[in-house]
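Here the structure comes first, spelled out in structure tokens, and everything after it is commentary.
In this note's numbering, the protein residues as written are 156 to 304.
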């Protein structure tokens with residue numbers, strides 16, 4: 156089983172509360188979401204694995220079991236064209252859980268008119284493959300968000 160940990164600190168809100176129908180409807184996959192602390196921070200790897208997709212606002216790490224975990228920093232943040240995001244790794248890198256991936260500022264995202272809420276999604280998973288999904292309460296970086304069979 157893969158344990159997916161929080162890439163950011165904040166408050167877990169669950170995918171249903173994400174202000175985007177693609178995420179709230181779990182069309183990308185099941186998981187949860189974190190409303191980040193409003194301060195400059197660094198998003199980290201939620202699992203050990205290989206970075207298979209990397210954009211300023213989002214990244215996917217695939218673990219040794221083939222589980223791809225998407226971390227999406229904010230909603231509609233692709234429209235910011237990378238402004239306010241600093242990549243700290245490269246596509247193809249092998250990363251460890253907790254390794255720094257992207258430096259960003261949720262306050263700047265909000266000031267640009269976007270939601271800073273961060274979906275953390277199990278790609279190509281079924282909802283019943285996840286267990287212990289955290290959908291409320293405060294979370295710190297590195298705390299378990301869900302398990303994936």
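Where a beta carbon is used, it is the ideal one built from N, C-alpha and C, also for glycine.
These numbers come from a predicted model, not from an experiment.
In the three-state reduction of the DSSP assignment, residue 157 falls in the strand class.
For residue 188, the uninterrupted beta strand (DSSP E) run begins and ends at 186–191, by DSSP.
When DSSP reads this structure, residue 258 sits in a beta bridge with 197 and 241. In this chain, the alpha helix (DSSP H) harbouring residue 179 covers 176–179.
The three-state secondary structure of residue 283, taken from DSSP, is helix.
Within its own chain, the residues whose Cβ lies closer than 8 Å to the Cβ of residue 177, once the five positions on either side in sequence are excluded, are 183, listed in chain order. Annotated three-state conformation of residue 207 is strand, per DSSP.
When secondary structure is reduced to three states using DSSP, residue 235 falls in the helix class.
Residue pairing from DSSP leaves residue 183 without any beta-bridge partner. By the 16-neighbour rule on beta-carbons within 10 angstroms, residue 218 is buried. Contact fails between the segment 255–265 and the segment 274–293, because fewer than three Cβ pairs, one in each stretch, are under 8 Å apart. With contacts defined by Cβ atoms closer than 8 Å, residue 169 and residue 275 do not form a contacting pair. For the pair residue 303 and residue 284, the CB atoms are nearer than the 8 Å cut-off. Nearest in C-alpha terms to residue 271, of all of 221, 192 and 209, is 192. Residue 226 is a Cβ neighbour of residue 214, given a cutoff of 8 Å.
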